[in-house]
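In our numbering, the protein residues as written are 525 to 595.
Using N, Cα and C, we set each Cβ at its ideal position, and we do this for glycine too.
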């Protein structure tokens, strides 16, 4: 049996940076990625994960706005 294909190191590093930027939403991002892989990138199947990530990001933005004195 052939080993799984290796991810290009630059791609993996870029993905890591993107996940780090999500801060507390990173686990939801990873769940979404897992869903997409398992469903052959069928976004319709992964709508719960999409909505969970969207809600987390909106909460994070609201906290950031309040912290920075936004209106």
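Beta carbon of residue i nearer than 8 angstroms to that of residue j
i	j	result
residue 549	residue 559	no
residue 567	residue 574	yes
residue 580	residue 552	yes
Nonlocal neighbours in the same chain, by C-beta distance under 8 angstroms from residue i, ignoring five residues either side
i	result
residue 563	569 and 570
Exposure label - residue i; buried when at least 16 CB within 10 Å
i	result
residue 582	exposed
residue 533	With a pLDDT of 48 at residue 533, under the threshold of 50, the modelled position of this residue cannot be trusted; read the value that follows with caution. Classification of residue 533: exposed, given that the 10 Å Cβ count is below 16.
Other residues of its chain near residue i: CB distance less than 7 angstroms, five sequence neighbours each side excluded
i	result
residue 547	584
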